[in-house]
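Residues 52 to 567, numbered by the working numbering, are exactly what the sequence shown covers, in order. Notes to accompany the following structure.
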Amino acid sequence: MGHAYTTVAGDVLTRWHRQRGEKVWYLTGTDEHGQKIMRTAEANDVTPQAWCDKLVEEAWKPLWEHLNIANDDFIRTTQKRHTDRVQEFVQDLYDKDEIYKGGYEGPYCVGCEEFKLPGDLVEAEDGTKLCAVHKRPVEILKEENYFFKLSAYGPKLLEFYEANPGFIQPESARNEVVNFVKQGLEDLSISRSTFDWGIPVPWDEKHVIYVWIDALLNYATAVGYNENPAKFEETFPADVHLIGKDILRFHAVIWPAMLMAQGLPVPGRVAANGWLMVGGEKMSKSNLTGIKPQDLTSHFGVDAYRWYFLRAIAFGQDGSFSWEDFTARYTSELANDYGNLASRVAAMVGKYFGGELPASAADGDAEKAVQDGLAKAVATADLKIGEELDFQAGILAIFDFVKQVNGYITEQEPWKVAKTAFGDAADATGSEEGRARLATILYTAAESLRAVAVLLNPIMPETSQALWDSLGAEASLGALAAQPVQDAAAWGRLPAGATVTKGAVLFPRLEEPKKD
């Protein structure tokens, strides 16, 4: 669930910028080396490579496809395009005297693949030292390793953080990293000699490269480091790394220091999302609070899943999940506010105008208020999602507009206007003025939905496409994904005469919700 949360956020950001007309390159993948993978493979009586192959082909890739993740590449750290370049990178650091041989002894968490500092540990009731993340005992490891001179980069990192205050998001994460670096950095063990599942150190094959040095370099190897200079120059470094907060130090301390040592540019931003909590604890398989994304998508649908976590939890903060909360938000916001609006508008255009979108007559104050509300929603959503990575605020802005359109329809009462437009059973004459007013109300509602489909497409692509089809928009406006989000408020795009049909309900009523 945690990986899916981060990956969906990256996908929404990717789709949003693509709909701005920008060139975007979105990378996902798997880091496959290290002691944790090796032990899990042994427990399953297969080789580490076979275990990784199984996870990628049967779990990760099918999940990303299921969740409509539009990534450009999926890199595996066991691929030759990665392993060869990692060896070259590390060899280069060694040749520059940035790496030396030494010994180390300390507490190690296999789950985190990380040596722990005293402040990173918690104590069990019996006094056993536990990893604060996994709540499992740490192991005391003593081995001869190669070390990267990380300590030398503390001042450079602090100077960089000060000059680039937006490099780490949210501010709480930035403060944590700055305080950590200010305490003084220790040199980093970058090799292991007690197991062999990893990329061999090129000058000493008794050692394998530490999994995090290996894993971080995927951001460079996937875009042609030491292999395709043109692609590397065009794509590297990343504008944004979206990560879980438990791997913040690797991305905000070790990774930029490695790049500084090589004279390479550092990423634009590192944005750390919080933990998904269940019953006050981090959601995880190890403490039996894990929930598979498919458990939720089978009940709520893929689009609702993509929407819910970004809507319910401020990106960067921890957030609690419950079936009850998801059900309540789905019913109130997706089914009642949004889905019902789409159904009502299509039904009224069908009933009163034979499914042909009428032309709007003169816009009054009520229509101008809707247009102003849309302009505000577009500006806010574009800023919050596209720039600030505040997905929650962006989604709320869009749904505030949906509520405004619902309010507009309630106030304008098109079903009553229809009686003056077409008469009733006793008097079927009707009036031109009534028909013009009804046409304006329904055009305003349909054009509002056109904009909503554009704005929600990066978040909920399947239902947005269904709405786009229902509005008959593609015939005149083209593909939904080609509609610029920043221009969604340009009024009057949907032409009169468009064929509006009432398709399937966007968000069906839920069956009895599952229990926690």
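C-beta: ideal position from N, C-alpha, C; glycine also.
Partner residues in the beta bridge of Met328, as assigned by DSSP, are Lys333, Ser371.
Looking at the DSSP output, Ile219 shares a beta bridge with Val321. Annotated three-state conformation of Gly154 is strand, per DSSP.
Counted as a single uninterrupted DSSP element, the beta strand (DSSP E) harbouring Thr79 occupies residues 78 to 81. Your pair Ser499 and Val456 checks out as a contact, with CB atoms roughly 5 Å apart and the cut at 8 Å. In the three-state DSSP reduction, Arg501 falls in the helix class (H, G or I). When DSSP reads this structure, Arg127 sits in a beta bridge with Thr81.
For Asp297, the CB contacts under 8 Å within the same chain, skipping 5 residues up- and downstream, are Cys163, Val184, Trp326 in chain order. Cβ neighbours of Gly275 within its own chain (closer than 6 Å, five residues either side excluded): Lys282, Phe283. Here Asn95 is exposed, its C-beta having fewer than 16 other C-beta atoms within 10 Å.
Cα atoms of Val229 and Leu181: separation of roughly 25 Å, rounded to the nearest angstrom.
Following the DSSP letters along the chain, one finds Glu116 in no beta strand (DSSP E) but inside the alpha helix (DSSP H) bounded by residues 112 to 117. DSSP places Asn391 in the uninterrupted alpha helix (DSSP H) bounded by 391 to 404. Here the C-alpha atom of Lys193 lies approximately 24 Å from the C-alpha atom of Leu144. A straight line joining the alpha-carbon of Thr65 with that of Asn391 spans about 29 Å. With the rule of 3 Cβ pairs closer than 8 Å, the stretch 70 to 80 does not count as touching the stretch 339 to 356.
Under DSSP, Ser240 shares a beta bridge with Phe198.
Contact between the stretch 229 to 242 and the stretch 194 to 201 is present, with at least three C-beta pairs closer than 8 Å. Nearest to Lys553 by C-alpha distance, out of Glu407, Ser482, Ala413, Ala530, is Glu407. Annotated three-state conformation of Val161 is coil, per DSSP. In the structure shown, the three-state DSSP call for Gly437 is helix.
Taking 8 Å as the cut-off, the Cβ atoms of Val321 and Phe450 do not count as close. Per DSSP, the unbroken alpha helix (DSSP H) holding Ile460 starts and ends at 442 to 463. Between the C-alpha atoms of Glu256 and Phe140 there is a straight-line separation of about 16 Å. By the criterion of a C-beta distance shorter than 6 Å, Val137 is surrounded in its chain by Ile250, Asp265, Leu268, once the five residues flanking it on both sides are discounted.
In the three-state reduction of the DSSP assignment, Gly295 falls in the strand class.
Assignment of Thr98 by DSSP, reduced to helix, strand and coil, places it in the coil class. Between Gln534 and Gln70, the C-beta spacing is below 8 Å.
By the neighbour-count criterion, in which 16 or more other beta carbons inside 10 Å mark a residue as buried, Pro409 falls on the buried side.
Distance check between Gly319 and each of Trp374, Pro288, Met328 places Pro288 closest, using alpha-carbon atoms only. The continuous stretches of beta strand (DSSP E) do not include Leu425, which lies in the alpha helix (DSSP H) extending over residues 416 to 432.
Contact between Arg127 and Gly157 does not hold, since their C-beta atoms are separated by about 30 Å, which reaches or exceeds 8 Å. In this structure, the alpha-carbon of Asp433 lies about 30 Å from that of Pro113.
Cβ neighbours of Leu493 within its own chain (closer than 8 Å, five residues either side excluded): Val396, Met399, Val400, Tyr403, Phe404, Leu408, Pro409, Pro465. Residues Ala487, Arg488, Ala490, Thr491 of the same chain have their beta carbon placed closer than 8 Å to that of Ala412, with the five preceding and five following residues left out of the count. About 5 Å separates the CB atoms of Phe301 and Trp263; that is less than 8 Å, so the two are in contact.
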